[in-house]
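Enquirer:
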Amino acid sequence: MDSTEIRARDGEQFRDEALARSVLYGTLSIALHVPTEEILRQLRTENTKQILREAASFLASTAREKTEKQEAQPDADAGVDLVARVVDWLQTLDKLTLEAWLTIHSRLFGHTARGLVCPYEAEYGQEGLFEQPRQLAKIMGFYAAFGLMTKETERERPDHISCELEFLEFLSCKEALALESEQEDMLRETRKAIRLFLKEHVGRFGLAFARLLREQATEGFHGELGNFLLDFLKMECQRVGVPPGPVALPLRSAEEGNVPMACAEQSELIQLQVPQ
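Numbering (the numbering used here), first residue to last: 173 to 448.
Structure, rendered in structure tokens:
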């Protein structure tokens, strides 16, 4: 096999990895949306379940291969079986009803920024009065850099965990496209954005969010979702070489919470769109 064939094979491998990551990011994103019948139906299909299992299996396998090639000594978290996490979570879907999902979602996340489990990144941390709007502006800057914005009709904050995971789904798809079309500049900028967004945003507060989620819902759909999210984010931070955020991160004082937010209707989804 000559060098050209090796590069082509490696390019296909990296492309498939990016697509697999997009599947997991996208699934986690819609699982943290306000529940709808359509989302539940989509998650329950055998095709969806098979794709998720295959994506998790592929990523776990390639992660092990890279560790072996580098002759690295993985830490304890690196050995987590992502496939088992995904399978355990998928099994909870069989008995889940929309009514039960809506009830639990409301109990966990509430109708304000401060539920039992806070899904908003800018609510985490004790950096000071002006850090919250600055953090929101940075997140919107990431979205705008790739021609995206939050949908005005959804009236949801850009720092919602679901919206941030959807952005990483988008970036992973863009990475796969750059690899497929051999656009090196696009690939370099997209990978840089993924690394920075994990380091400064999702990887910073996502582990604390996932821990809270599995503590407040110790079993069932949300408990297993917390396990899935926690271990996937640890794997992703390790992959791009950034330290994962703490699993315990305090919420800022409620008196500082001056960021406007309107509650979305249950029929609305958090989405990113290209500005018209």
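Where is the CB? At the ideal position from N, CA and C, for every residue including glycine.
Assuming phenylalanine 339 contacts phenylalanine 377 (C-beta within less than 8 Å), just tell me the rounded distance between them.
Expert: Phenylalanine 339 to phenylalanine 377, Cβ: 14 Å. No contact.
Enquirer: Can you list, in chain order, the residues of its chain with a C-beta nearer than 6 Å to that of alanine 294? Leave out the 5 residues immediately preceding and following it.
Expert: Taken in chain order, the residues that qualify are Gln304, Gln307, Leu308 and Asp331.
Enquirer: Tell whether a beta-carbon distance below 9 Å holds between glutamate 341 and serine 201.
Expert: Their beta carbons are under 9 Å apart, which means glutamate 341 touches serine 201 by this criterion.
Enquirer: Per DSSP, what are the beta-bridge partners of tyrosine 292 in this structure?
Expert: In DSSP, tyrosine 292 forms a bridge with His332.
Enquirer: Might you give, ordered along the chain, the residues of its own chain that have their beta carbon closer than 7 Å to the beta carbon of aspartate 416, omitting 5 neighbours on each side?
Expert: Going by the sequence as given, residue 416 is proline instead of aspartate. Excluding residues within five positions, the ones whose Cβ falls inside 7 Å are Gly375, Leu379, Leu405, Lys406 and Cys409.
Enquirer: Taking the alpha-carbon positions, what's the arginine 236 to leucine 204 distance?
Expert: So the two alpha carbons sit approximately 29 Å from each other.
Enquirer: Quick check on DSSP: helix, strand or coil for leucine 200?
Expert: Helix at leucine 200.
Enquirer: So the alpha helix (DSSP H) glycine 319 belongs to, where does it begin and stop?
Expert: From DSSP, glycine 319 is part of no alpha helix (DSSP H); its letter is neither H nor E.
Enquirer: Reducing DSSP to helix, strand and coil, say where leucine 359 ends up.
Expert: Three-state DSSP puts leucine 359 in a helix.
Enquirer: Would you kindly work out how many angstroms separate the C-alpha atoms of glycine 251 and isoleucine 223, rounded to a whole number?
Expert: With a pLDDT of only 42 at glycine 251, under 50, the local geometry of the prediction cannot be trusted, and no value is derived from it.
Enquirer: So glutamate 271 is in the alpha helix (DSSP H); what residue range does that whole segment cover?
Expert: Counting along the chain, the alpha helix (DSSP H) containing glutamate 271 begins and ends at 270–281.
Enquirer: Excluding the 5 residues flanking methionine 358 on each side, which residues of the same chain have their C-beta closer than 8 Å to its C-beta?
Expert: Cβ within range, chain order: Lys346, Leu349 and Ala350.
Enquirer: Report back the beta-carbon spacing between histidine 373 and glutamate 336 to the nearest angstrom; my notes put them in contact at under 8 Å.
Expert: At roughly 6 Å, the Cβ-Cβ gap stays under 8 Å, so histidine 373 and glutamate 336 are in contact.
Enquirer: Would proline 422 be called buried (16 or more neighbouring beta carbons within 10 Å of its own) or exposed?
Expert: Its Cβ having fewer than 16 others within 10 Å, proline 422 is exposed.
Enquirer: Buried or exposed: where does aspartate 403 fall if 16 or more other Cβ atoms within 10 Å of its Cβ makes it buried?
Expert: Answer is buried; the Cβ neighbour count reaches 16.
Enquirer: Could you check whether the Cβ of methionine 312 sits closer than 9 Å to any Cβ belonging to chain C?
Expert: Of the chains in the structure shown, none is chain C; there is only one protein chain.
Enquirer: In its own chain, which residues sit with a C-beta less than 7 Å from the C-beta of valine 258, not counting the 5 before and 5 after it?
Expert: Same-chain partners within the cutoff: Leu224, Arg225, Ala228 and Phe400.
Enquirer: Is the beta carbon of valine 289 sitting closer than 9 Å to the one on leucine 384?
Expert: Yes.
Enquirer: What does a CB cutoff of less than 8 Å around valine 414 pick up in its chain, not counting 5 residues either side in sequence?
Expert: Correct list, in chain order: Arg367, Leu370, Lys371 and Gly375.
Enquirer: What are the boundary residues of the alpha helix (DSSP H) that includes glutamate 354?
Expert: No alpha helix (DSSP H) holds glutamate 354; DSSP gives it neither H nor E.
Enquirer: For isoleucine 333, which of Arg279, Arg213 and Gly198 has the nearest alpha-carbon?
Expert: Answer by Cα proximity: Gly198.
Enquirer: On the criterion of 16 or more Cβ atoms from any shown chain inside 10 Å, does proline 291 qualify as buried, or is it exposed?
Expert: It counts as buried.
Enquirer: Please state if the CB of alanine 420 and the CB of alanine 365 are separated by a distance shorter than 9 Å.
Expert: Contact flag unset, no.
Enquirer: May I ask you to report which of helix, strand or coil DSSP gives glutamate 189?
Expert: Note: glutamate 189 maps to helix in three-state DSSP.
Enquirer: Given that a residue counts as buried once 16 or more other Cβ atoms are within 10 Å of its Cβ, and exposed if not, what is threonine 269?
Expert: The residue is exposed, with fewer than 16 neighbouring Cβ atoms inside 10 Å.
Enquirer: Mind checking who leucine 423 pairs with in its DSSP beta bridge?
Expert: Paired residues: Tyr296.
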